[in-house]
Amino acid sequence: MLASLPEKFREYGLPADVRTLLLLRKSMDRGLIKTLGDVYLVLKGIVVKEPRHMGPYTQAYYDYFLNIKLKPGESLESAILRSETFKKWVEDYKKDNPEDERDLLDLVEEFINHVHLTSYDIKEILNGKDIIDGDDPNKEDKDWDDLSSTPERKNIDRMADYSEMDLEELLERMKQIAEKQKGKHSGGDRWIGTGGVSPFGHSGAAKGGIRTGGKGGGKMARQVMGNGNFYPVDRDSIINDNNVDAALASLKGIVEETAQTKLDVDKTIKNGLKQGGIFLPEMEDIKDKKLQVILLIDNGGFSMMPYVRMVQDLFKKMKTRFAHDMKVYYFHNTIYSYVYTDAPRTKKVTIDKLLTNDPNYRVFIIGDASMAPYELNQDSVINWGRIAEKFKKAAWLNPEPQKYWHYTMTTQALGRIFPMYPLTPRGIEKSVQEMNKKMDK
Amino acid sequence: MAKTQHWTGSKKYVCDPNLAQSFHMARVLGMPLLIEGEPGTGKTELAIQYATDQKLDMFTYPVGSKSNVEQFVAKFDHVKYLRDSQIEVLNTQRDEKGLDSKLSTGGRSTEKLGDYIIKGPAAQAFSSPNSVLLIDEIDKAPREFPNDLLYALSHRKFIMPESGDVIEVSEENMPAIIITSNREQELPTAFKGRCIYHYIHFPEQDTMREIILKHHPKMEKQVTQAAMNIFYHLRDLGLERAPTTREILNWLKYMKQFATKEALAKMGDLDGIGALIKTQTDLEKIQRHILRNPEDFKKRSLSN
Numbered sequence: 001m002l003a004s005l006p007e008k009f010r011e012y013g014l015p016a017d018v019r020t021l022l023l024l025r026k027s028m029d030r031g032l033i034k035t036l037g038d039v040y041l042v043l044k045g046i047v048v049k050e051p052r053h054m055g056p057y058t059q060a061y062y063d064y065f066l067n068i069k070l071k072p073g074e075s076l077e078s079a080i081l082r083s084e085t086f087k088k089w090v091e092d093y094k095k096d097n098p099e100d101e102r103d104l105l106d107l108v109e110e111f112i113n114h115v116h117l118t119s120y121d122i123k124e125i126l127n128g129k130d131i132i133d134g135d136d137p138n139k140e141d142k143d144w145d146d147l148s149s150t151p152e153r154k155n156i157d158r159m160a161d162y163s164e165m166d167l168e169e170l171l172e173r174m175k176q177i178a179e180k181q182k183g184k185h186s187g188g189d190r191w192i193g194t195g196g197v198s199p200f201g202h203s204g205a206a207k208g209g210i211r212t213g214g215k216g217g218g219k220m221a222r223q224v225m226g227n228g229n230f231y232p233v234d235r236d237s238i239i240n241d242n243n244v245d246a247a248l249a250s251l252k253g254i255v256e257e258t259a260q261t262k263l264d265v266d267k268t269i270k271n272g273l274k275q276g277g278i279f280l281p282e283m284e285d286i287k288d289k290k291l292q293v294i295l296l297i298d299n300g301g302f303s304m305m306p307y308v309r310m311v312q313d314l315f316k317k318m319k320t321r322f323a324h325d326m327k328v329y330y331f332h333n334t335i336y337s338y339v340y341t342d343a344p345r346t347k348k349v350t351i352d353k354l355l356t357n358d359p360n361y362r363v364f365i366i367g368d369a370s371m372a373p374y375e376l377n378q379d380s381v382i383n384w385g386r387i388a389e390k391f392k393k394a395a396w397l398n399p400e401p402q403k404y405w406h407y408t409m410t411t412q413a414l415g416r417i418f419p420m421y422p423l424t425p426r427g428i429e430k431s432v433q434e435m436n437k438k439m440d441k
Numbered sequence: 001m002a003k004t005q006h007w008t009g010s011k012k013y014v015c016d017p018n019l020a021q022s023f024h025m026a027r028v029l030g031m032p033l034l035i036e037g038e039p040g041t042g043k044t045e046l047a048i049q050y051a052t053d054q055k056l057d058m059f060t061y062p063v064g065s066k067s068n069v070e071q072f073v074a075k076f077d078h079v080k081y082l083r084d085s086q087i088e089v090l091n092t093q094r095d096e097k098g099l100d101s102k103l104s105t106g107g108r109s110t111e112k113l114g115d116y117i118i119k120g121p122a123a124q125a126f127s128s129p130n131s132v133l134l135i136d137e138i139d140k141a142p143r144e145f146p147n148d149l150l151y152a153l154s155h156r157k158f159i160m161p162e163s164g165d166v167i168e169v170s171e172e173n174m175p176a177i178i179i180t181s182n183r184e185q186e187l188p189t190a191f192k193g194r195c196i197y198h199y200i201h202f203p204e205q206d207t208m209r210e211i212i213l214k215h216h217p218k219m220e221k222q223v224t225q226a227a228m229n230i231f232y233h234l235r236d237l238g239l240e241r242a243p244t245t246r247e248i249l250n251w252l253k254y255m256k257q258f259a260t261k262e263a264l265a266k267m268g269d270l271d272g273i274g275a276l277i278k279t280q281t282d283l284e285k286i287q288r289h290i291l292r293n294p295e296d297f298k299k300r301s302l303s304n
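Top to bottom, those sequences are chains Z and E.
Take 1 as the starting number for the first sequence in the numbering used here and just add one per residue.
Take 1 as the starting number for the second sequence in the numbering used here and just add one per residue.
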């Protein structure tokens with residue numbers, strides 16, 4: 001059961017594995033995890049490795065720990081609203097806070113506050129003036145009185161303190177909750193599970209005058225719900241302004257250069273002899289193959305029109321990255337014996353000339369590969385074949401959705417010559433990976 | 001575990017609560033903290049301010065395109081070694097000729113290879129307990145650099161070149177390692193796996209006001225507000241290089257010399273805009289947007 005955490009998180013495309021669990025356990029041993037909010041925070045630091053993981057991570061967390069599943073395109077708020085977990089929570093919350101007459105939407109925020117209440121928040125709230133300046137002084141004063149000299153410790157004690165519990169137990173408990181929601185057999189039992197310890201670690205404390213929604217928890221809730229960064233960016237969508245950078249990040253992966261220096265033995269000896277036996281070390285740079293890119297762009301034909309901007313964007317970004325080592329050629333639909341060095345296709349370059357380039361060039365062909373069957377004649381196929389033969393690290397990036405490739409004969413034919421990938425960040429990433437593999441051989 | 005208390009910032013530095021938490025977590029777990037985010041959001045500042053506030057030794061390694069692990073950890077100084085060994089030969093020759101004056105090796109002995117090792121920031125940080133080690137802008141490094149660090153990061157251990165000495169640090173004494181990146185290149189997964197990750201989101205207005213207050217405590221509220229209005233307005237224009245925290249602070253530094261009224265007028269005219277905007281295209285874009293209706297712009301920015 002414990003083992004299912006990495007699996008669940010992997011389903012959301014997150015890099016979770018056994019190490020994640022080991023680190024989670026370590027955090028537990030070191031007392032970092034006392035509330036469910038802490039689990040969110042700690043796991044975030046461990047699992048999330050780039051901004052685009054944030055959305056899937058929040059989704060996976062809600063799914064795994066709270067059994068709240070987001071439907072595609074649904075907001076977290078409405079997913080919570082329709083969940084069993086939330087309904088149960090509201091029942092209990094109303095029991096504990098009969099005076100709270102806010103509507104369900106406000107309670108969703110309260111729910112999120114409770115979920116994300118961390119021990120940092122508790123400390124901050126207790127250290128800060130929030131309690132004294134709270135909106136309900138009488139009630140809080142009463143509770144403030146029975147706190148002893150170490151209010152912080154005591155309050156954390158009153159909240160569910162998980163520091164004594166081991167990870168399996170904690171997860172077991174959370175899982176039980178999730179099961180209960182599914183099995184609807186809660187009866188009179190508190191939904192929070194056995195033992196009266198709430199995974200939210202709040203209910204006692206909430207009575208004690210700690211209202212989340214101050215500086216700590218409330219901010220979290222707003223972030224989860226209101227911040228676009230917390231929602232997934234569709235990496236399979238066609239390249240647009242926002243994700244073109246992500247795509248290029250992976251493109252950069254093919255750079256292989258070192259900048260180390262080593263002792264130049266020959267030169268040192270030679271100069272040493274000249275200097276009458278005094279050997280002064282001469283250093284030399286270690287130079288490795290640098291990244292060289294050829295871009296072949298189909299910039300003609302109506303079929304490419306919808307993708308022009310996208311290709312231009314990619315091109316612009318590539319140009320700033322590989323300013324010195326990029327050659328660009330244009331063609332229309334397919335190539336016969338020429339490609340062009342300028343976009344309006346006036347300056348011709350023969351294929352033979354193109355083929356004189358160093359075979360270490362990585363070649364990206366950007367085009368939709370769809371044309372009338374007669375256009376892709378024997379000549380053209382042979383030329384494409386020669387390019388593929390010469391440049392082993394070549395890839396075809398196709399802006400057309402992959403599901404249509406199957407229907408176009410020419411696309412299929414060219415797909416047999418070049419490995420073809422969709423012009424999406426993921427497609428580009430894959431093509432780069434494949435190229436790198438070839439390099440390793 | 002020594003320095004693992006939760007640190008939330010100092011008088012001069014507003015530490016975003018989320019960042020503070022990640023930083024705390026990284027120190028408790030004895031892992032490096034990897035910070036990414038837009039330029040100018042205070043990534044590097046965290047390490048500097050933490051070290052200053054806690055009075056800890058700090059070692060910085062600014063990463064560049066020529067960076068390698070040798071510079072970072074330790075380097076064997078071939079030049080000195082060769083020189084000293086030549087000096088020994090020379091001194092013997094002088095001896096034979098009965099000359100008294102000898103060349104000095106500066107106390108180094110070619111017998112002891114350890115004398116020729118130049119320690120880099122990493123080796124220094126690992127040999128001084130509870131220090132702060134900042135690896136700045138790791139995304140500028142050649143691709144293999146982060147991979148080369150993996151062993152050191154997970155075993156807290158460096159092997160010195162040539163001499164074979166080992167510098168090792170216990171988890172208790174481990175330096176707080178902070179790594180920053182501008183995301184110019186993707187870091188290897190294995191490397192990221194060994195770090196606690198934090199992405200700094202651009203500060204919202206409230207946080208920004210706090211940050212400005214820490215840097216320019218005497219600034220008039222009105223001026224700050226106007227600057228922020230303009231600043232966030234410019235950020236919304238979708239510029240090529242949107243101004244960041246660093247830029248607004250510089251702009252206000254410039255405005256500091258003027259009296260409130262004068263400063264407001266100057267802001268309305270976008271005086272000193274060079275502090276905020278760094279490319280020609282952006283400047284043109286702003287001129288198109290704002291100079292089309294300067295009066296309206298002034299009214300909007302200078303109102304509260």
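Virtual Cβ for every residue (Gly too), placed ideally from N, Cα, C.
- The C-beta of residue 37 of chain Z has 16 or more other C-beta atoms within 10 Å across all chains shown, which makes the residue buried.
- Shown here, residue 8 of chain E sits in coil according to DSSP, grouped into three states, outside any helix or strand.
- From the listed residues Z:403, Z:413, Z:412 and Z:396, the smallest Cα separation to residue 432 of chain Z is found for Z:396.
- The C-beta of residue 118 of chain Z comes closer than 9 Å to at least one C-beta of chain E.
- Counting only runs of 3+ residues, the beta strand (DSSP E) found wholly inside the segment 169-195 of chain E occupies 176-181, in chain order.
- Residue 102 of chain E: not part of any beta strand (DSSP E); DSSP gives it neither H nor E.
- The beta carbon of residue 57 of chain Z sits closer than 8 Å to the beta carbons of 9, 12, 14, 43, 44, 47 and 48 from its chain, once the five residues preceding and following it are set aside; these are given in chain order.
- When the five nearest sequence neighbours on each side are left out, the beta carbons in the same chain lying within less than 6 Å of the beta carbon of residue 242 of chain E are those of 235, in order along the chain.
- Annotation: the continuous beta strand (DSSP E) that includes residue 298 of chain Z extends over 293-298.
- In the same chain as residue 402 of chain Z, and ignoring 5 residues on each side of it, the C-beta atoms closer than 8 Å to its own belong to 422, in chain order.
- Residue pairing by DSSP places residue 379 of chain Z opposite no residue, since no beta bridge is assigned to it.
- The beta carbon of residue 19 of chain Z falls within 9 Å of a beta carbon belonging to chain E, placing the residue at that interface.
- Using a CB distance cut-off of 9 Å, residue 293 of chain Z does not count as an interface residue toward chain E.
- Look at the segment 325-337 of chain Z: it has no residue with a C-beta under 7 Å from a C-beta of chain E.
- In the pairwise beta carbon analysis, the segment 100-115 of chain Z is classified as not touching the segment 18-26 of chain Z: fewer than three pairs are separated by under 8 Å.
- Under the Cβ distance rule, residue 255 of chain E does not count among the residues neighbouring chain Z, no pair being separated by less than 9 Å.
- Residue 396 of chain Z is bridged by DSSP to Z:365 and Z:420.
- Within the segment 13-62 of chain Z, the complete alpha helix (DSSP H) segments of 4 residues or longer fall at 18-29 and 36-47, listed in chain order.
- Collapsing the DSSP output to three states places residue 258 of chain E in coil.
- Straight through space, the alpha carbons of residue 40 of chain Z and residue 116 of chain Z are spaced by roughly 7 Å.
- Spatial neighbours of residue 31 of chain E in its own chain (CB-CB distance under 7 Å, excluding positions within 5 residues in sequence) are listed in chain order as 194, 195 and 196.
- The DSSP-derived three-state label of residue 7 of chain Z is helix.
- Residue 90 of chain Z is outside the set of residues whose beta carbon lies under 9 Å from a beta carbon in chain E.
- Residues of the segment 267-286 of chain Z that bring their beta carbon within less than 7 Å of a beta carbon in chain E comprise 278, 279, 280 and 281, in sequence order.
- Around residue 189 of chain E, the beta-carbon contacts reaching into chain Z at under 9 Å are 15 and 49.
- Per DSSP, the beta-bridge partners of residue 327 of chain Z are Z:294.
- Contact fails between the segment 49-59 of chain E and the segment 135-147 of chain E, because fewer than three Cβ pairs, one in each stretch, are under 8 Å apart.
- Residue burial is scored here from C-beta neighbours: residue 190 of chain E has fewer than 16 other C-beta atoms within 10 angstroms and is therefore classed as exposed.
- Only residues of its own chain outside the window of five on either side were considered, and among them 157 have a CB closer than 8 Å to the CB of residue 151 of chain E, listed in chain order.
- Identification of chain Z residues near residue 5 of chain E by a Cβ-Cβ cut-off of 7 Å yields none; the smallest Cβ-Cβ distance measures about 11 Å.
- Interface flag for residue 192 of chain E against chain Z is set, since a Cβ pair is found closer than 9 Å.
- Residue 36 of chain E is positioned such that its CB atom lies closer than 9 Å to that of residue 181 of chain E.
- Distances from the CA of residue 149 of chain E to each of E:218, E:224, E:68 and E:77 were compared; the closest alpha carbon is that of E:68.
- Its Cα nearest to that of residue 335 of chain Z, the residue Z:382 stands out among Z:362, Z:344, Z:382 and Z:342.
- Counting only residues of its own chain and dropping the five nearest sequence neighbours on each side, residue 59 of chain Z has a CB closer than 7 Å to the CB of 12 and 70.
- Residue 10 of chain Z has a beta carbon lying at 9 Å or more from every beta carbon in chain E.
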